[in-house]
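Right, one structure below, let's go through it.
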Amino acid sequence: MFPAGRAGHRVRPVILPDGERVRVVHCPPPADASGDVPAVVCVHGWGCSAFSFNRVLRPIADAGCDVYAPDLRGHGWSDKPQDLARYTPEALGTWLLRVVDALRLERAVLVGHSMGGAVVLHAALQAPARAAGLVLLAPVGFGTIPRIGLLRTLTPDALVPLLPYLAFRAVVDVGLRTGYGAIGAPSADDVDEYWAPTADPAFARAVRLVAHAFDWSPTDPRVLEGLACPAHVVLGERDNLISSPSVRAHVARVAGLRVDEVPRAGHVLPEEVPDAVVRAVVDDARAWWRPDRGAS
Numbered sequence: 001m002f003p004a005g006r007a008g009h010r011v012r013p014v015i016l017p018d019g020e021r022v023r024v025v026h027c028p029p030p031a032d033a034s035g036d037v038p039a040v041v042c043v044h045g046w047g048c049s050a051f052s053f054n055r056v057l058r059p060i061a062d063a064g065c066d067v068y069a070p071d072l073r074g075h076g077w078s079d080k081p082q083d084l085a086r087y088t089p090e091a092l093g094t095w096l097l098r099v100v101d102a103l104r105l106e107r108a109v110l111v112g113h114s115m116g117g118a119v120v121l122h123a124a125l126q127a128p129a130r131a132a133g134l135v136l137l138a139p140v141g142f143g144t145i146p147r148i149g150l151l152r153t154l155t156p157d158a159l160v161p162l163l164p165y166l167a168f169r170a171v172v173d174v175g176l177r178t179g180y181g182a183i184g185a186p187s188a189d190d191v192d193e194y195w196a197p198t199a200d201p202a203f204a205r206a207v208r209l210v211a212h213a214f215d216w217s218p219t220d221p222r223v224l225e226g227l228a229c230p231a232h233v234v235l236g237e238r239d240n241l242i243s244s245p246s247v248r249a250h251v252a253r254v255a256g257l258r259v260d261e262v263p264r265a266g267h268v269l270p271e272e273v274p275d276a277v278v279r280a281v282v283d284d285a286r287a288w289w290r291p292d293r294g295a296s
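According to UniProt numbering, the sequence shown holds residues 1 to 296 in order.
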């Protein structure tokens, strides 16, 4: 189980003030890193875990950053409360800020992939001084997601007791492959890592709660205009899950958002194009990290 056997990776368990447990993977900077080292917190998407960033955490840290990747509430090996209200974008944004507090970080560059993009956005809107900037990888909240309605229809309340028995490895395999564009494909080990959390029956029920509780629609541009930190949106040209044209149309209405598109890439950018993701995060962190922009 990730990050077992990975040099330079540590598991850092965190307990929030209300007793909720969070599993965090930590990649510290090199021992010879000096000065004010940027803190980077990477937040994965729906149905995933910190493993989503397995190809990028250590390279970002080796470039001089202090890198953390929590398993989101309801995901991976973090706690999975069975309460719909705890999986809204606002609730998960608050949760992320509490995790940042528990890690004793005054502020951080927040990296969000897919649903994690909406989570880091809401955290930054709630506590502007805590976010040095946002790197949004194929983010939810900036465009249409055509399949979310079908997902909700296929997971009614009556199905909940059966969900843990329906989380077959083949289902995970197909879902993961759908996220790829024209660059690469998941390995058998990758599929095993994404499937592993289904060993906990609460996992399938929790991700179903997220699907129903989370607001998957584009964020009101008037809300985005209140974002106090810089933001960089990175899209995959062949993203089958989030409509890139709709993202571009949406962000065009918001001044100051930078948008880049990776040719031939799909939705799972940290897996498909790790070098491009590392470059974006490191370049942004270096540009945005200023000692005089710390929390007041």
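C-beta atoms are modelled at their ideal positions from N, C-alpha and C, and glycine is treated no differently. Quick caveat: nothing in here was measured; it's all calculated off a predicted structure.
Check, Outcome
"For Gly133, write down the residues that DSSP places opposite it in a beta bridge.", "Val109"
"Evaluate Thr5 with the Cβ neighbour count: other Cβ atoms within 10 Å of its Cβ, from every protein chain shown; 16 or more gives buried, anything less gives exposed.", "According to the sequence as given, residue 5 is Gly; it is not Thr. Classification of Gly5: exposed, given that the 10 Å Cβ count is below 16."
"Tell me whether the region 28-48 and the region 245-255 touch, counting them as touching only if at least three CB pairs, one residue from each stretch, are closer than 8 angstroms.", "no"
"Pick from Leu209, Gly175, His26: whose alpha carbon is nearest that of Arg152?", "Leu209"
"Pairs of beta-carbons, one from the region 229-239 and one from the region 137-152, closer than 8 angstroms: are there three or more?", "yes"
"Starting from the Cα of Arg286, find the closest Cα among Cys48, Pro17, Asp66, Glu20 and give me that residue.", "Asp66"
"Below 6 angstroms CB to CB, which residues in the same chain sit around Ser244 once its five sequence neighbours on both sides are set aside?", "Leu235"
"Does the distance from the C-beta atom of Ser114 to that of Pro139 stay below 9 angstroms?", "yes"
"Measure how close the beta-carbons of Gly74 and Val207 come, nearest whole angstrom, since I'm counting them as under 8 angstroms.", "6 angstroms"
"For Trp168, count neighbouring C-beta atoms within 10 Å of its own C-beta (all shown protein chains included) and say buried if the count is 16 or more, exposed if not.", "Note that residue 168 is Phe in the sequence shown, not Trp. Counting Cβ neighbours within 10 Å, Phe168 comes out exposed, since fewer than 16 surround it."
"When burial is assigned at 16 or more other CB atoms within 10 Å of the CB, is Ile60 buried or exposed?", "buried"
"Assuming Glu271 contacts Ser52 (C-beta within less than 8 angstroms), just tell me the rounded distance between them.", "7 angstroms"
"Figure out for me which residue from Pro186, Arg205, Pro38 has the closest Cα to the Cα of Pro156.", "Arg205"
"In terms of alpha-carbon separation, which member of Trp77, Tyr87, Leu162, Asp71 lies closest to Val100?", "Asp71"
"Using the C-alpha atoms, what's the distance from His122 back to His267?", "21 angstroms"
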